[in-house]
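Trainee: In my numbering, the protein residues as written are 37 to 185. Where is the CB? At the ideal position from N, CA and C, for every residue including glycine. Mind looking over this structure? Questions follow.
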């Protein structure tokens, strides 16, 4: 745990989200992230699903372990979203191609958003921030509806 200027402990989840938020302040960039980040999560699971469904499920479980270390509330929300993603993959014809196209398009938009923001994506300095993006959005949602994490 880290301390802030007042000597108070800062939870790792708050530190990660706070750092992520520094490069996600412009409303257009934030809107792009609201649209693209959930799609990117789906795409990653879909591309793994094409290799083998257990690979997608294993990746989801692995990421949930990371989220559980940060916040059990985020872990539950991400588990629900992962299950939804995996379930939808049973209905999508050619999920690999759909995922590949969506993945490229959403990342183009992500970089456009960061260009508008004037700051580089957080994951360029630490790959861990690829997992922080979804909980950055969840944190905003949780605060809006009055849930703690």
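Report all residues from its chain with a CB closer than 6 Å to the CB of residue 111; omit the five preceding and five following residues, and keep chain order.
Mentor: Within the same chain, residue 111 has close Cβ partners 100, 103, 104.
Trainee: Since residue 175 contacts residue 65 with CB under 8 Å, what's their CB separation in whole angstroms?
Mentor: Not confirmed; about 16 Å, so no contact.
Trainee: If we count the other Cβ atoms within 10 Å of its Cβ and call it buried at 16 or more, is residue 127 buried or exposed?
Mentor: When all chains shown are included, residue 127 counts as exposed.
Trainee: Just curious, the alpha helix (DSSP H) that residue 63 is in, first and last residue?
Mentor: Segment 63-87, the alpha helix (DSSP H) holding residue 63.
Trainee: At what residues does the alpha helix (DSSP H) containing residue 128 begin and finish?
Mentor: Counting along the chain, residue 128 falls outside any alpha helix (DSSP H), and DSSP gives it neither H nor E.
Trainee: Apart from the five residues on each side of it in sequence, which residues of its chain come closer than 6 Å, Cβ to Cβ, to residue 142?
Mentor: 72, 75, 76.
Trainee: How many Å lie between residue 183 and residue 121 at the Cα?
Mentor: Cα to Cα, the separation comes out at about 23 Å.
Trainee: Buried or exposed, going by whether 16 or more other CB atoms sit within 10 Å of the CB of residue 119?
Mentor: Label assigned to residue 119: exposed.
Trainee: Could you tell me whether any Cβ in chain C is nearer than 8 Å to the Cβ of residue 161?
Mentor: The structure shown contains no chain C, having only a single protein chain.
Trainee: Which residues in the same chain as residue 147 place their Cβ atom closer than 8 Å to its Cβ, once the five residues preceding and following it in sequence are excluded?
Mentor: Only 157 meet the Cβ criterion.
Trainee: With DSSP run on the structure shown, which of helix, strand or coil describes residue 162?
Mentor: If DSSP states are grouped into helix, strand and coil, residue 162 belongs with coil.
Trainee: Relative to the alpha-carbon of residue 163, which residue among 116, 56, 132 has its alpha-carbon at the smallest distance?
Mentor: When only C-alpha atoms are compared, the closest one is 56.
Trainee: Tell me which same chain residues have a C-beta within less than 8 Å of the C-beta of residue 114, skipping the five on either side of it?
Mentor: Once the five neighbours on either side are set aside, the close Cβ partners of residue 114 are 99, 100, 103, 170, 171, 174.
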